[in-house]
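Protein chains in written order, with my numbering: chain P, 1 to 359; chain W, 1001 to 1330.
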């Protein structure tokens, strides 16, 4: 009754093409952003900001990247971890080679470098499809991690193979990386980057290029016949996707953990991000956030349940049971709603539109 | 089985390259030691370890063929089977009985997977089913270790595990690998006969060809899936026994699935002989590269070389060497 688009008259094309056409949606989004930008940094504890919100934001960005490639363009990829590592190491090399470079430029360039690497590893997708491609992208995953481990140049010949972010600032004097950075500054910086990139992604997938991706996803031969260039479109998807994953990797290394080794981006990271987009919803930017929240929060919850119940279980047993419950919940969610949390959100909104007169 | 001419050509060329590249590397570089007996020793060792990869890949192929599910849980099934076997054996049960009990448990597992998971996901997209099998993999990894513990266990079947000398003592081959290869060949022949000559085998082939047509002539799809998962579980048990007695039964067994994937795409998802030949090519190629090429680029290439090798093959045959030709209609 309240939440509906009927009666919303638009007099300009801009208004018609807005992302959120229903006023309640706009208020909701404004409130969400206000909470994210103002309430959370003021009220949340350091643990919440540093150990939950930061990885959530960073992995949401990676999930958006993978969602562009897998959810929108239909190219199943298991190489996300490799691309995140590329972003992290590119950012490290850039910031140590050019110490005066602004962190925003470092992020941008590391994203672009990762995009180039992504294009390179996207070339096989022209001939290889489906699960064959998924396994083929594992080649990039293993190769990139091996490369960063093997060649000292990438880590500036550090003995342990670990890279640490140099202290960097935005707006002149606010530290966002290194030990002097406050957790709130880190959080707000990451949030701004993620919100901006999510907005760009949302608009990208609604535009011409997004429609081309979806045509390729639904059937690439048919898309080619109606005049969509397969080579360019697939490579664009790989480029944009790796751009996002690269920035996510750089944020992970520089802002979330501060120092990182290649192993942080191993194949399990790729699977984690893939879980996020499938639980969240393939082909949905919103779903990337929902999925990331789910996958980040679930293990934390599982970890705390035994203590909350007052049970004392040995640590290794807990981790095994966590595995079990995690696997079972994934299966449960897939059975209940194979199209992910974004679909549940959609259904809720549709119900709300009819409420309270369901006819 | 008829082999297409270009497949034969690709195999020939790759075999030739496997000889030429190490030889050239040996001529060009001082660091690399090249001698014909040594070359054959490495190649045979590689072929035999390739057979071990094939054992794991075989389980993938069976399930993909019959249900179109890319079963990522195969590695977890290998681990689970091996853990169960060792766990039962440690309780004082003789080995032959433990193997039978483990087989029985794998069948139960197959029934459970069909009833609890697959049945509810009929008609879903392949990626959803793939995700569900990753869920199964997580569950099994946790479940097996919760019940049987996570410490490394030793599985001793009395297979000799020492190097033997063959061909006048010139070539050194691990006896264990020979036994493994023998067991793998027996398994493959048994599977081929099972698929070719039994009633169930015929039904399996029918389902693999066309789900709907199979249903319409009265083949119960759900039973077939249970049987296929049970057979894959048994293959997993054999792989678990072989890998377990080679490396010890531990969590890392679940990761050999990652070793089997390049074998799988090289051979083709739908082909049993493809899994074998893919395993041989990957095994030999990987070992040869490790010995004759790796010193030049820094070593430790076994993580990714198999994948790159498979990728190179896919560039020529996108469906794998023996996979069904992908025909797309608009």
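Ideal Cβ placement from N, Cα and C applies to all residues, glycine included.
What's the call for residue i, buried or exposed, on a 16-neighbour Cβ count within 10 Å?
| i | result |
| --- | --- |
| residue 273(P) | buried |
| residue 141(P) | buried |
| residue 218(P) | exposed |
| residue 1112(W) | exposed |
| residue 350(P) | exposed |
| residue 336(P) | exposed |
| residue 282(P) | buried |
| residue 17(P) | exposed |
| residue 23(P) | exposed |
| residue 11(P) | exposed |
| residue 1108(W) | exposed |
| residue 1037(W) | exposed |
| residue 1145(W) | buried |
| residue 100(P) | exposed |
| residue 348(P) | exposed |
| residue 1055(W) | buried |
| residue 1074(W) | buried |
| residue 1307(W) | buried |
| residue 1071(W) | buried |
| residue 125(P) | buried |
Is residue j closer than 7 Å to residue i when the C-beta atoms are compared?
| i | j | result |
| --- | --- | --- |
| residue 241(P) | residue 69(P) | yes |
| residue 64(P) | residue 201(P) | yes |
| residue 87(P) | residue 285(P) | no |
| residue 1312(W) | residue 1057(W) | no |
| residue 1310(W) | residue 1262(W) | yes |
| residue 1208(W) | residue 1065(W) | yes |
| residue 1268(W) | residue 1201(W) | no |
| residue 114(P) | residue 156(P) | no |
| residue 277(P) | residue 66(P) | yes |
| residue 1181(W) | residue 1051(W) | yes |
| residue 254(P) | residue 181(P) | no |
| residue 1172(W) | residue 1041(W) | yes |
| residue 154(P) | residue 238(P) | no |
| residue 1028(W) | residue 1284(W) | no |
| residue 972(W) | residue 1110(W) | Beyond the ends of chain W as shown, which are 1001 and 1330, falls residue 972(W); an answer cannot be given. |
| residue 340(P) | residue 258(P) | no |
| residue 1137(W) | residue 1121(W) | no |
| residue 138(P) | residue 76(P) | no |
| residue 1189(W) | residue 1206(W) | no |
| residue 1117(W) | residue 330(P) | no |
| residue 250(P) | residue 144(P) | no |
For residue i, which residues from the same chain have a beta carbon less than 8 Å from its beta carbon, with the 5 sequence-adjacent residues on both sides left out?
| i | result |
| --- | --- |
| residue 1318(W) | 1326 |
| residue 1222(W) | 1114, 1119 |
Leaving aside the five residues before and after residue i along the sequence, list all residues of the same chain whose C-beta is less than 6 Å from its C-beta, in chain order.
| i | result |
| --- | --- |
| residue 252(P) | 58 |
| residue 289(P) | 60 |
| residue 215(P) | 223, 228 |
| residue 183(P) | 46, 49, 50 |
| residue 294(P) | 279 |
| residue 245(P) | 62, 65, 80, 83, 84 |
| residue 1192(W) | none |
| residue 313(P) | 306 |
| residue 1061(W) | 1272, 1275 |
| residue 121(P) | 140 |
| residue 26(P) | 20 |
Could you tell me how far apart the beta carbons of residue i and residue j are, in whole angstroms, since I believe they sit closer than 8 Å?
| i | j | result |
| --- | --- | --- |
| residue 80(P) | residue 269(P) | 7 Å |
| residue 1248(W) | residue 1154(W) | 6 Å |
| residue 205(P) | residue 13(P) | 19 Å between Cβ atoms; not a contact. |
| residue 1081(W) | residue 1237(W) | 4 Å |
| residue 1139(W) | residue 324(P) | 5 Å |
| residue 1085(W) | residue 1234(W) | Between residue 1234(W) and residue 1085(W) the Cβ distance is about 12 Å, and since that is not below 8 Å, they are no contact. |
| residue 40(P) | residue 53(P) | 7 Å |
Below 7 Å CB to CB, which residues in the same chain sit around residue i once its five sequence neighbours on both sides are set aside?
| i | result |
| --- | --- |
| residue 1156(W) | 1245 |
| residue 417(P) | There is simply no residue 417(P) to check, as chain P begins at 1 and stops at 359 in what is shown. |
| residue 236(P) | 209 |
| residue 1215(W) | 1221 |
| residue 119(P) | 235, 238, 239 |
If you measure from the beta carbon of residue i to each beta carbon in chain C, is any gap under 7 Å?
| i | result |
| --- | --- |
| residue 234(P) | Considering every chain present, this structure includes no chain C. Its protein chains are P and W. |
With a floor of 3 residues, list each beta strand (DSSP E) that falls wholly inside the segment 106-154 of chain P, ordered by position along the chain. none
Please specify which runs of the beta strand (DSSP E), each continuous and at least 3 residues long, are wholly inside the segment 1226-1288 of chain W, giving them in chain order. none
Jot down the residue ranges of each uninterrupted alpha helix (DSSP H) in the segment 1071-1133 of chain W, minimum 4 residues, whole runs only, in chain order. 1074-1090, 1095-1116
Could you give the uninterrupted runs of the alpha helix (DSSP H) lying entirely in the segment 183-232 of chain P, keeping only those of 4 residues or more? 183-206, 208-218, 220-225
Runs of 4 residues minimum, wholly inside the segment 1171-1201 of chain W: which ones carry the alpha helix (DSSP H) assignment? 1175-1197
Note down, one range per segment and in chain order, each alpha helix (DSSP H) of at least 4 residues found wholly within the segment 259-311 of chain P. 267-280, 285-308
My parser needs the alpha helix (DSSP H) runs of 4 or more residues fully inside the segment 44-68 of chain P; what are they? 54-66
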